[in-house]
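Read the structure below first, then the notes.
Chains as they are written, first to last, in the working numbering: chain Z, 1 to 169; chain B, 170 to 593.
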């Protein structure tokens, strides 16, 4: 039950981060290209493509990290972990997930504070609000937090399920 | 505090927290221990460390690796290299290495190189009677050249963190990259000679020129990117964007390997790689800030200067450390973590930053083929169907060659400093 809904949520998170990261990657590529192109063909350059590229890069990187998380491509080292006794593994795993949630919560809370703080500032070239840029941090951290919470819920439900099974046997 | 930083990092790694979060969590625990109340700095540094134009070259080169891999450039480069050296003893092995050198000159990612060259050449080699293990090992070790010759993601990361000129680093990578290629060719020639891998193919100028014409648009690319950067027409980032657009055009119009409907999944792959590297970069500024505040690089250089004041010994230690770290981390992660610790120390020893960067990148690059964490080795094994544990033994002589080349890079500075000398 929990797993079914959890997987739907994670699928949805993957689509959101995929479309955002992809869009910003394309914007980034073409704005850098535009800058080179205008400079060498028309001998002038705008100042906004460079800024647009940098801001899109921040969004691509952070939402790309969400994709990497959803596809389990965030690299970890399991050789020591595999040596732990089998009964202990789920608990260690839940513990490590909770630690990750802690750092992500820090990023969400302080990222939001930062976003509010920089809201009045405007970027130098495009004159957009800096909060649009800084919002990437709490946004991406929030997506990752939801995904990790889903993982923790699976693991706890797995643990409870396997315990009851053992008792009935 | 140093103990807390590294101890907690290792603890988090052991309980299987992903490397990225281990780094972030160990930084957080140091900050909390010190009673730092301004945790907002972590969030701020996360955003500001990504706010950098030179760093933009990384996602662009990753995107390009994906485009070339899907777009059929790999096949054309392989065909050309096959016509070039296919007639020699162990011709396909040589073709494999040569193709990796060309491909490495276009893409900055070793994994794209393994996938593109390996998927074409490993089956061909096995069909022509080569040992599957030997074919896989040649493919994965030669992909390392992609990290050393320009453009290279890891060198951009090193250059950005240590404040070294990326163009000079790229120029410095050319000769070591060629040296790696030549020494791998020498080794595979010897092995092929011993095992009797003769080639049936006769060298033919006509076929060569035909393959050359087909491969030309791809072969022009390294000259376009590297040449444009070295002559100062554009920066690494701008060069990368030009290359991406050029790559899309030739893949769709000329090679017709890339279809428009492949683009979303291509972008997904690129974003995954970008995200997993860039999240590390995002936390790296906080890490660097703690290192500086705790004067850790300073302490290391003082220790070395007062106890072991020999440049050569320090370089040897760096190589050993990078090899060990490289077996557990991906080259990009190893570069991101080791550079802020070691680059200041190297500076106090008076080692040229370009030279040091090449030593560091060459030795962490070897980590790409050393298990337990060896991305290219796993990709190669996936293509050939040989299990990774069976590859360890045939890998050894190649690994030895790579280590010897790294030592040559470390103790013969003109190799890395000759070409960058033209830009100073």
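Even glycine gets a Cβ: it sits at the ideal position worked out from N, Cα and C.
- prompt: Is it buried or exposed for residue 158 of chain Z, if we count other Cβ within 10 angstroms and need 16 for buried?
  reply: Exposed is the call here.
field: Closer than 8 Å at the beta carbon, the chain B residues around residue 66 of chain Z
entry: Against chain B, the beta carbon of residue 66 of chain Z has neighbours under 8 Å at 444, listed in chain order.
query: If we cut at 9 Å on Cβ distances, does residue 490 of chain B have a partner in chain Z?
result: Not an interface residue.
- request: Determine, using beta carbons only, whether residue 100 of chain Z comes closer than 9 Å to chain B.
  value: The beta carbon of residue 100 of chain Z falls within 9 Å of a beta carbon belonging to chain B, placing the residue at that interface.
- request: Taking 8 Å as the threshold, find out whether the region 306–326 of chain B comes into contact with the region 269–282 of chain B through three or more Cβ pairs.
  value: Flag = yes, the region 306–326 of chain B and the region 269–282 of chain B touch.
- request: Check each residue of the region 134–158 of chain Z: if its Cβ is closer than 8 Å to any Cβ of chain B, include it; give the result in chain order.
  value: Going along the region 134–158 of chain Z in chain order, one finds 134, 136, 137 and 138 with a Cβ nearer than 8 Å to chain B.
query: Do you know offhand how far residue 367 of chain B's Cα is from residue 252 of chain B's?
result: The alpha-carbon atoms of residue 367 of chain B and residue 252 of chain B are separated by roughly 15 Å.
field: Nearest residue (CA-CA) to residue 8 of chain Z, options Z/70, Z/52 and Z/99
entry: For residue 8 of chain Z, the closest alpha carbon among the candidates Z/70, Z/52 and Z/99 is that of Z/70.
message: Strictly under 9 Å for the Cβ-Cβ distance: is residue 18 of chain Z near chain B by that measure?
response: Between residue 18 of chain Z and chain B, the shortest Cβ-Cβ separation is below 9 Å.
- request: Quick one: give me the first and last residue of the alpha helix (DSSP H) that residue 251 of chain B is part of.
  value: First-last of the alpha helix (DSSP H) with residue 251 of chain B: 242–254.
query: Listed in chain order, which residues of the region 382–413 of chain B have Cβ atoms closer than 8 Å to some Cβ of chain Z?
result: Legend: CB atoms of the region 382–413 of chain B lying less than 8 Å from CB atoms of chain Z belong to residues 402, 403, 406, 407, 409, 410, 411 and 413.
query: By the 10 Å Cβ neighbour count, where 16 or more other Cβ atoms means buried, how is residue 337 of chain B classified, buried or exposed?
result: The Cβ neighbour count for residue 337 of chain B, taken over all protein chains shown within 10 Å, is at least 16; the residue is labelled buried.
- request: With a threshold of 16 other CB atoms inside 10 Å of the CB of residue 569 of chain B, please say whether the residue is buried or exposed.
  value: Result: exposed.
task: Run down chain Z in chain order and give the residues with a C-beta less than 8 Å from the C-beta of residue 550 of chain B.
output: Residues of chain Z with a Cβ closer than 8 Å to the Cβ of residue 550 of chain B do not exist; the shortest Cβ-Cβ separation is about 17 Å.
query: In three-state terms, what does DSSP make of residue 71 of chain Z?
result: Assigned with DSSP and collapsed to three states, residue 71 of chain Z falls in coil, not helix or strand.
query: Is the region 41–48 of chain Z touching the region 133–147 of chain Z, taking contact as three or more C-beta pairs under 8 Å?
result: No, the region 41–48 of chain Z is not in contact with the region 133–147 of chain Z.
message: Given this structure, state the Cα-to-Cα distance separating residue 52 of chain Z from residue 28 of chain Z, to the nearest angstrom.
response: Answer to the nearest angstrom: the Cα atoms are 7 Å apart.
- prompt: Going along the region 96–126 of chain Z in order, which residues come within less than 7 Å of chain B, judged by CB to CB distance?
  reply: Those residues of the region 96–126 of chain Z that come within reach of chain B (Cβ to Cβ, closer than 7 Å) are 96, 99, 100, 103, 106, 107, 110, 111, 113 and 114.
message: Taking the alpha-carbon of residue 579 of chain B as reference, which of B/328, B/416, B/380 and B/481 has the nearest alpha-carbon?
response: The shortest C-alpha separation from residue 579 of chain B is found at B/481.
- prompt: Hey, how far is the Cα of residue 204 of chain B from the Cα of residue 198 of chain B?
  reply: About 10 Å.
message: By the three-class DSSP mapping on this structure, what secondary structure does residue 239 of chain B have?
response: In this structure, DSSP gives residue 239 of chain B a helical state, which the three-state scheme calls helix.
query: Roughly how many angstroms separate the alpha carbons of residue 105 of chain Z and residue 112 of chain Z, rounded to a whole number?
result: Going by C-alpha positions, residue 105 of chain Z is about 11 Å away from residue 112 of chain Z.
message: If you reduce the DSSP assignment to three classes, tell me which class residue 214 of chain B lands in.
response: Helix at residue 214 of chain B.
field: Residues, ordered as in the chain, of the region 185–211 of chain B that lie near chain D by beta-carbon distance below 7 Å
entry: The structure shown contains no chain D; the protein chains it does contain are Z and B.
message: Please classify residue 167 of chain Z as buried or exposed, where buried requires at least 16 neighbouring CB atoms within 10 angstroms.
response: Because residue 167 of chain Z sits at a pLDDT of 48, beneath the cut-off of 50, its placement in the model cannot be relied upon, and the following sentence gives the value as read from the coordinates. The residue in question, residue 167 of chain Z, is exposed, as its Cβ has fewer than 16 Cβ neighbours within 10 Å.
query: Out of B/550, B/532, B/556 and B/554, which has the shortest C-alpha to C-alpha gap to residue 342 of chain B?
result: Ranking B/550, B/532, B/556 and B/554 by Cα distance to residue 342 of chain B puts B/532 first.
Residue burial classification, residue 213 of chain B (beta-carbon count within 10 angstroms, cutoff 16): When all chains shown are included, residue 213 of chain B counts as buried.
- prompt: Using a Cβ-Cβ cut-off of 6 Å (strictly less than) and excluding sequence neighbours within five positions of residue 225 of chain B, which residues of its own chain qualify?
  reply: Beyond the five residues adjoining it in sequence on each side, residue 225 of chain B comes within less than 6 Å, by CB distance, of 406 in the same chain, given in chain order.
- request: Determine the DSSP secondary structure at residue 168 of chain Z, reduced to helix, strand or coil.
  value: Unreliable positioning characterises residue 168 of chain Z in this predicted model, as indicated by a pLDDT of 45, which lies under 50. A coordinate reading is not provided.
Chain-order list of residues whose beta-carbon lies under 8 Å from that of residue 295 of chain B (same chain, five-residue window excluded): Cβ neighbours of residue 295 of chain B beyond the five flanking positions: 301, 304 and 553.
- request: Express the C-alpha separation of residue 377 of chain B and residue 539 of chain B in angstroms, rounding to a whole number.
  value: In this model, residue 539 of chain B and residue 377 of chain B are separated by some 36 Å (Cα to Cα).
task: Determine the DSSP secondary structure at residue 589 of chain B, reduced to helix, strand or coil.
output: Helix at residue 589 of chain B.
field: Nearest residue (CA-CA) to residue 458 of chain B, options B/193, B/424 and B/177
entry: Comparing alpha carbon positions, the residue from B/193, B/424 and B/177 closest to residue 458 of chain B is B/193.
task: Can you check DSSP and say which residues form a bridge with residue 122 of chain Z?
output: Looking at the DSSP assignment, residue 122 of chain Z forms a beta bridge with Z/129.
task: State the start and end residues of the unbroken alpha helix (DSSP H) segment that holds residue 536 of chain B.
output: No alpha helix (DSSP H) holds residue 536 of chain B; DSSP gives it neither H nor E.
message: Once DSSP output is grouped into helix, strand and coil, what is the label at residue 266 of chain B?
response: Shown here, residue 266 of chain B sits in a helix according to DSSP, grouped into three states.
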